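Numbering (full-length UniProt numbering), first residue to last: 1 to 359.
Note that the Cβ used here is the ideal one computed from N, Cα and C, for glycine as well.
Since this is a predicted model, take the numbers as computed values, not measurements.
The next block holds one structure in the form of structure tokens; read it before the comments.
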């Protein structure tokens, strides 16, 4: 929905797919200057990884915006129907931080790390369940099963770095195949941490992960945030709101807020359900209800964008912004408000996050 991430602009920094900083650029070496004395020079033209919310070039036409959000809502409902109580069991802070750290070190685009975490979580859940089912079918005494299961868990733990790099590799291909991590780059990265995997092992891991998640890449909340911010910027411009010019600052705050939400995923939703205990007073299991709400990335996107607006600009126009975002994303304010408050409380509670809530 937002416009192309390939807007051209001047840059003096040379980069590669694994050396370009997250918010910097990569140089397009395929474009050369023509003319005498310039054969060995390249255009100082680079490809931006970041969306430009004020530039219409490459943007999805406005008549399709509602269709994009409607389709995402349908996908969310489908996922909620099949969500299990353990749907997000591997959304652990250390796993998320490890994945984010690798993406930052490799200087990959922002969207890669969020999708990679979702891929990793989806794979590990299905991988663990399949191994558990396999052990259940084995004809052996329980104490032998328990001993064998300990070995299986140890093997899974040793393979975690490989699986993380595999999830990142798949995610990078989904977002930009041309700038994705190659198997050789994955091998080199693993060897730097003392894990001598071969290219064959890395390729096998990629196929196994992709196959086990059903060749289905989960929608990322960042995609929903990008749509929400595009629509918010568009609407604010139509209403001649000065805040529309702050879209770049808002985008950077959205990234920071979503980082906090992912790393502190468990604590965030614990805070949310403490504010909404009535949601758990139903016949179906508590964990199933929690999983269904965690699947709602439009809800998370609405709360994230509104939180980013408060932390970046302030509360003066937040009521108007809240109505705009909730309307375009079709989110119930009854749920968005407590989630937004939970995010703010969570962000302010973290000592390493330098947030100060504007008055």
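Three-state class that DSSP yields for residue i in the structure shown
i, result
"residue 195", "coil"
"residue 182", "coil"
"residue 51", "coil"
"residue 63", "helix"
"residue 315", "coil"
"residue 240", "coil"
"residue 276", "coil"
"residue 83", "coil"
"residue 155", "helix"
"residue 208", "helix"
"residue 72", "helix"
"residue 89", "coil"
"residue 271", "helix"
"residue 141", "coil"
"residue 188", "helix"
"residue 281", "coil"
"residue 23", "With a pLDDT of 37 at residue 23, under the threshold of 50, the modelled position of that residue is not reliable, and the figure given next carries that caveat. Coil, per DSSP."
Assigned exposure category for residue i - 16 Cβ within 10 Å defines buried
i, result
"residue 326", "buried"
"residue 247", "buried"
"residue 94", "exposed"
"residue 253", "buried"
"residue 230", "buried"
"residue 210", "buried"
"residue 220", "buried"
"residue 177", "exposed"
"residue 140", "exposed"
"residue 169", "buried"
"residue 105", "exposed"
"residue 101", "exposed"
"residue 116", "buried"
"residue 323", "exposed"
"residue 348", "exposed"
"residue 199", "exposed"
"residue 228", "buried"
"residue 251", "buried"
"residue 263", "buried"
"residue 280", "exposed"
"residue 277", "exposed"
Cβ neighbours of residue i in the same chain (closer than 6 Å, five flanking residues each side left out)
i, result
"residue 307", "257, 340, 343, 344"
"residue 321", "309"
"residue 173", "180"
"residue 91", "121, 265"
"residue 21", "Residue placement at residue 21 cannot be trusted, given a pLDDT of 34 that sits under 50; what the coordinates show is reported in the next sentence. Hits under 6 Å: 107."
"residue 350", "none"
"residue 118", "218"
Cutoff 8 Å; reference residue i; Cβ partners in own chain excluding five residues on either side
i, result
"residue 295", "76, 79, 80, 83, 87"
"residue 225", "254, 258, 301, 304, 305"
"residue 62", "234"
"residue 206", "166, 169, 170, 183"
"residue 267", "346"
Alpha helix (DSSP H) segment containing residue i, residue limits
i, result
"residue 250", "247-263"
"residue 338", "333-349"
"residue 98", "93-106"
"residue 169", "160-175"
"residue 121", "110-137"
"residue 295", "286-295"
Sequence-distant residues of its chain with Cβ nearer than 7 Å to residue i (five each side left out)
i, result
"residue 85", "285, 287, 288, 291"
"residue 194", "none"
"residue 190", "161, 162, 165, 197"
"residue 237", "244"
"residue 111", "175, 220, 222"
"residue 331", "298, 299, 302"
"residue 203", "183"
Length at least 4, wholly inside the stretch 211-240: the alpha helix (DSSP H) runs in chain order: 221-238
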